[in-house]
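What follows is a single structure, written as structure tokens, with notes after it.
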Amino acid sequence: MHKIGFLLADGFQLLALSTPSVFEFANLVIGEPFYELETWSEAGGAVRSSAGVTVSSQPLSEHSRADTWLVGGVINPLEAPPTPAVVDFLKAASLNSRRIAGICTGAFVLGEAGLLDGKRVTTHWAHAEALKSRVPTALIESDRIFITDGAVWTSAGMTAGLDMALGIVEKDLGAEVARSVAHRLVMHHRRSGGQTQHSEMLALSPRSDRIQSALEYARKNLSRTLTVEDLASAVHLSPRQFSRLFREETGKSPAKAIEGLRLEAARLMIEQSRLSMDAIAREAGFRDRRHMREVFVRGFGVPPQALRQGRSSSRAA
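Every position in the sequence shown, counted from 1, becomes a number in our numbering once 434 is added.
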């Protein structure tokens, strides 16, 4: 029996409690209760989520034990830091548990306990810079769905907690069991891409469906030459109307926004594929390899080769 402890605080984000389904279905797949699920909080009793839904919990004590601790996140981790008692508990728990995982902004709680020092970690893209400021010794990778570094696991957004839970099942019970669980839950066994494919679009945050549709059209056709006329035609606006609305809703010109989408697409391909730089430049829609390098240096401060070299060094380590 492998005990999973869900550690929650008042104001926790309700999606954190979707992860137990992964472990529940793992038990069903293997036909026996391998995972035992328990919910904990500092004082025990009813814990209220940010959505207003409450769940019951057991109180933490020095005798509380779990093989895996999953720490739920909150909407704004800077406004709801963990209490000293929770921090002290996690420090002790790191010595007698198999792993400790932070779901989304739960990473901030792990950081307060000193568990992220020197670790590769991720969190929700909107809070990555805040986590970097709060835990400067952590190696923040803001484009990952989830990361495992030794006994510390961290996930990006709340739904990425499902991916992380599935990764835990695969680690414990093997790829076939994890694949079967994913099939039953109608989710990806291993989700492709990172969270920047969502964050770049969210950063632009257009208000209207038309501008959103234009951005989706651009994202799906990055390898093509994309003009204002092309985007305007895709959403049935005149080029003049489209340019005005686009700037009003995103604060950027269409050309600048598309450059950002190309940059993120190229970055993902560099990090997650073995394609040549010339092939990546073509797929992302840059004029050539030299043009892609210019945009990378302007956007990230480093050439694209540096990302691939850094990824190779990380794998070697």
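No residue lacks a Cβ here, since even glycine has one placed at the ideal position from N, Cα and C.
Q) To which residues of the same chain is residue 463 closer than 6 Å at the C-beta, ignoring the five residues directly before and after it? A) 611, 614 and 615
Q) Just curious, the alpha helix (DSSP H) that residue 718 is in, first and last residue? A) 711 to 718
Q: Might you give, ordered along the chain, the residues of its own chain that have their beta carbon closer than 7 Å to the beta carbon of residue 488, omitting 5 neighbours on each side?
A: 480, 481 and 482
Q) Within this structure, are the beta carbons of residue 741 and residue 718 separated by less than 9 Å? A) no
Q | Three-state secondary structure assigned by DSSP to residue 666 | A | helix
Q. Looking only at DSSP bridge pairs, what is residue 437 linked to?
A. In the DSSP output, where bridge partners are listed per residue, residue 437 has 470.
Q. Can you give the Cα-Cα distance for residue 619 and residue 600, rounded to whole angstroms?
A. 11 Å
Q: Can you grab the Cα-Cα spacing for the pair residue 495 / residue 476, in whole Å?
A: One C-alpha to the other measures close to 8 Å.
Q.
Going by C-alpha to C-alpha distance, which of 446, 721 and 701 sits closest to residue 576?
A. Checked all of 446, 721 and 701; the closest Cα to residue 576 is 701.
Q) Quick one: what does DSSP say residue 734 is sitting in, helix, strand or coil? A) In the three-state DSSP reduction, residue 734 falls in the helix class (H, G or I).
**Q.** residue 684 - DSSP class collapsed to helix/strand/coil
**A.** helix
Q | CA nearest to the CA of residue 442, picked from 511, 460 and 598 | A | 511
Q. Looking at the structure shown, is residue 704 part of a helix, part of a strand, or coil, going by DSSP?
A. helix
Q.
Buried or exposed, going by whether 16 or more other CB atoms sit within 10 Å of the CB of residue 580?
A. buried
Q | 6 Å Cβ shell around residue 493 - same chain, five flanking residues per side excluded | A | In the same chain as residue 493, and ignoring 5 residues on each side of it, the C-beta atoms closer than 6 Å to its own belong to 477 and 478, in chain order.
Q. Alpha carbon to alpha carbon, what distance is there between residue 597 and residue 604?
A. 10 Å
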